[in-house]
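Notes to accompany the following structure.
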Amino acid sequence: MADLQSQDYIRRSASTMTPPSIRDHEAEVAKLIDVSRCIGCKACQSACMEWNNLRTDVGHFEGSYDNPSDLNPSTWTLMRFTEYEDEQGNLEWLIRKDGCMHCEDPGCLKACPAPGAIVQYANGIVDFISENCIGCGYCVKGCPFDIPRISKVDHKSYKCTLCSDRVGVGLEPACVKACPTGAIMFGSKTDMTAWAGERVEDLKSRGFANAGLYDPAGVGGTHVMYVLHHADRPSLYAGLPDKPRISPLVAVWKGMFKPLALASMAFAVVAGFVHWVVEGPNEVQPEDEAAASALLHKADEPK
Amino acid sequence: MTYPRGTLIRNATATRINHWITGGCFVLLVLSGLSMFDPDTFFLSALFGGGQSARAIHPWIGIVLLLSYCGLIVQFWRDNLPSWDDWVWMKSIDRVLVNEEEGLPELGRFNAGQKFVFWSMTLLLPTLFATGLVIWDVYFSPYTTIEVQRVAELIHCVAATAAILVWIIHVYAALWVKGSLRAMTQGYVTPGWAWRHHRKWLRHLAAAGARGPTPRSGGKAPSG
């Protein structure tokens, strides 16, 4: 794929120059995951494996419907099941399709030290360009959603691409294609936000007063959004962050500290050079040798 | 190693080898570390065969550095213990910087600047090692939370920057004070150098009849 140029980058990791961006006349896309319509069939997981040619190793039963038990380099999307008892004592089975949220302000891209290993296209998709990845794991630290996974085999970081290869040729992502209930929708971010509004109204009319859209502002909004019955408590859904944002530790590390550190190093070198020019080296003088010689002779004398 | 007649041994051969293993590792760590630190210095990764290789080799060099530096700690800690004279010397640092050392306290084997470098590195290098293990993704990522790794990453960068600044001071001081570089390459200094910069050390060697690097190390003092 690397030979097929996108030329529509709006962000490129570890790059100070403007990346190729001329083909930017395209709408921002979004995947809308309506948790209230999900039946947990895992068709999306299978479709993701099939389209992307991913096969994770067969694991072990961990006492949960989550299978495999976590995201891994070969599992880019995962149904996470939560049994929740509401205030009335009713059991609710909350099923969330986990995976990359394709943040508008991606923490992984901010943290990445390898030029061009993580890019963001004009349509909003955040993609890992694996040939540039150095396997350092900084994206893991940058991500507010704990999504990227580093392969132990090729030491590259992997995550959902939002099927950027399919979307690039006008197709919807594989998971959307496979969903039998219409719980996963795909389109322009504007359309998806509008559709989510209708779904939220419907849920509210059915007693879910706190239903809402999960499009967290802390990361500038996301290009994967959820309709939640309990939008006031996203963490109910297998730990979906209530207020995700790039960690301030990462912001300091990747923000003000970098120029400060390099400038202080440059200053130290220049200060040394200026000192050399102004004061010059500290050289031993003949009188030092004479004094030392006298001292050593004195020490040699019998006491 | 034979040293020229009439000179003092400043650093024994084993010490010098130990020092340069440490120094070589430090330079490689600075180059590979900076390549992962800022886009402007990413090109340094080419020296290691690319970003993947730089990332992979950096922590291994760090292990060698720490082991090597432990050797320097063992050899140098005693002579780096602080004294009151260090404080007096530090207060007159402005005179030291303009090459006027007369009237300052006589110094033992190390001056306060050298002690600062020693103790800074003794503090910073283990810090870099410990935080480096936490962010050594290939082997150690499962053992800590991502939040702990974020903290470790930031401490690692701050400590590395501090260590690089100390290192720049160390290298410049070696160039500035003539005769110091040879003390770590060929190992010897002239008695006049010792008189000028470390007079108490010279007196101790003379009194013990030792050639250096310490009065304990025996040998025969040059009779000039």
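Those sequence lines, one after another, are chains A and B.
Everything in the first sequence is counted per this note's numbering, starting at 25 for the first residue and increasing by one.
Everything in the second sequence is counted per this note's numbering, starting at 9 for the first residue and increasing by one.
Ideal Cβ placement from N, Cα and C applies to all residues, glycine included.
Residue i: first and last residue of the uninterrupted beta strand (DSSP E) it sits in
i	result
R104(A)	101 to 109
H103(B)	For the record, residue 103(B) in the displayed sequence is Arg; it is not His. From DSSP, R103(B) is part of no beta strand (DSSP E) but of the alpha helix (DSSP H) over 101 to 105.
S212(A)	208 to 212
Any C-beta of chain B under 8 Å from that of residue i
i	result
P43(A)	no
K14(A)	Beyond the ends of chain A as shown, which are 25 and 327, falls residue 14(A); an answer cannot be given.
K327(A)	Only weak support exists for where K327(A) lies, its pLDDT of 49 falling under 50; the coordinates are left without a value.
A146(A)	no
A323(A)	yes
F85(A)	no
C124(A)	no
S93(A)	no
L320(A)	yes
I34(A)	no
S30(A)	no
A54(A)	no
C160(A)	yes
T99(A)	no
S39(A)	yes
P240(A)	no
P139(A)	yes
G131(A)	no
L235(A)	Here residue 235(A) is Ala; the residue named in the question, Leu, does not match the sequence. False, the Cβ-Cβ gap to chain B never drops below 8 Å.
V293(A)	yes
Cβ of residue i within 8 Å of any chain A Cβ
i	result
T198(B)	yes
G47(B)	In the sequence as presented, Gly is not what sits at residue 47(B); that position holds Pro. For P47(B), the answer is yes, since a Cβ of chain A falls inside 8 Å of its Cβ.
M44(B)	yes
T135(B)	no
Q194(B)	no
K186(B)	yes
D5(B)	Past the boundaries of the shown model lies residue 5(B); chain B is included only from 9 to 232, so the question cannot be answered.
I65(B)	no
H50(B)	First, the residue type needs correcting, since residue 50(B) is Phe and not His in the sequence shown. Chain A contact via Cβ: present.
S68(B)	A quick correction: the sequence has Trp, not Ser, at residue 68(B). It does not; no Cβ of chain A falls within 8 Å.
G232(B)	Reliability of the predicted coordinates at G232(B) is poor, the pLDDT of 45 falling under 50, and the value obtained from them is presented with this limitation in mind. Yes, contact with chain A.
W203(B)	yes
L37(B)	no
A214(B)	yes
T169(B)	yes
Continuous alpha helix (DSSP H) stretch holding residue i: start and end
i	result
D189(A)	188 to 191
G41(B)	21 to 43
R120(A)	Per DSSP, R120(A) belongs to no alpha helix (DSSP H); it is in the beta strand (DSSP E), 115 to 123.
L237(A)	Element bounds for L237(A): not the alpha helix (DSSP H) but the beta strand (DSSP E), 236 to 238.
H206(B)	Neither: H206(B) is in no alpha helix (DSSP H) and is coded neither H nor E.
C199(A)	198 to 202
Any non-hydrogen atom of the ligand GTP within 7 Å of residue i CB
i	result
R35(A)	Among the ligands in the structure shown, none appear at all, so the ligand GTP cannot be discussed.
Write down every uninterrupted run of the beta strand (DSSP E) in the region 243 to 299 of chain A whose length is 3 residues or greater and which is fully enclosed by it, in chain order.
248 to 252
Just by C-beta distance, which residues in the region 101 to 124 of chain B are closer than 7 Å to chain A?
L105, V106, N107
Short-range partners of chain B found in the region 176 to 194 of chain A, where Cβ spacing is below 7 Å
H179
When you check each C-beta in the region 68 to 82 of chain A against every C-beta of chain B, which residues fall closer than 8 Å?
none
For the region 194 to 203 of chain A against the region 163 to 171 of chain A, are there 3 or more C-beta pairs whose distance is under 8 Å?
no
Complete runs of the alpha helix (DSSP H) confined to the region 120 to 204 of chain B [at least 4 residues]:
120 to 142, 145 to 148, 154 to 184, 188 to 193
contact_flag[the region 68 to 77 of chain B, the region 23 to 38 of chain B] where n(CB pairs < 8 Å) is 3 or more
yes
So does the region 213 to 229 of chain A actually touch the region 238 to 258 of chain A, counting three or more Cβ pairs closer than 8 Å?
yes
May I have a chain-ordered list of the beta strand (DSSP E) segments no shorter than 3 residues that lie completely inside the region 25 to 80 of chain A?
33 to 36, 53 to 58
Ordered list of alpha helix (DSSP H) runs contained in the region 61 to 112 of chain B, each at least 4 residues:
92 to 99, 101 to 105
In chain order, what residues of the region 304 to 318 of chain A put their CB closer than 9 Å to some CB of chain B?
G304, P305, N306, E307, V308, Q309, P310, E311, D312, E313, A314, A315, A316, S317, A318
Pick out the complete alpha helix (DSSP H) segments inside the region 126 to 184 of chain A, 4 residues or longer, and give them in chain order.
131 to 135, 162 to 166
Contact the region 61 to 71 of chain A vs the region 201 to 210 of chain A: 3+ CB pairs below 8 Å:
yes
I'd like to know if the region 110 to 117 of chain B and the region 37 to 55 of chain B are in contact, where contact means that at least 3 CB-CB pairs between them fall below 8 Å.
no
Please list the residues of the region 162 to 177 of chain A that have a C-beta atom closer than 9 Å to any C-beta atom in chain B, keeping them in chain order.
Y162, V164, K165, G166, C167, D170, I174, K176
The region 260 to 289 of chain A: which residues have C-beta closer than 7 Å to a C-beta of chain E, in chain order?
Among the chains of the structure shown, chain E does not appear; the protein chains present are A and B.
Three or more C-beta pairs below 8 Å linking the region 137 to 150 of chain B and the region 147 to 155 of chain A:
no
Pair every Cβ in the region 129 to 140 of chain A with every Cβ in the region 70 to 78 of chain A, then say whether three or more of these pairs are closer than 8 Å.
no
Within the chosen definition, does the region 121 to 130 of chain B reach the region 213 to 225 of chain B through at least 3 CB pairs nearer than 8 Å?
no
Give me the subset of the region 132 to 165 of chain B whose CB atoms are less than 8 Å from a CB atom of chain A, sorted by chain position.
I143, D145, V146, S149, I154, E155, Q157, R158, V159, E161, L162, C165
Is there contact between the region 223 to 237 of chain A and the region 249 to 261 of chain A, where contact requires at least three CB pairs shorter than 8 Å?
yes
With three or more beta-carbon pairs closer than 8 Å as the criterion, would you say the region 35 to 55 of chain B touches the region 177 to 193 of chain B?
no
Should the region 175 to 192 of chain A be regarded as contacting the region 80 to 96 of chain B, the criterion being three or more beta carbon pairs within less than 8 Å?
no
Give, in chain order, every residue of the region 11 to 34 of chain B whose Cβ lies closer than 7 Å to some Cβ of chain A.
none
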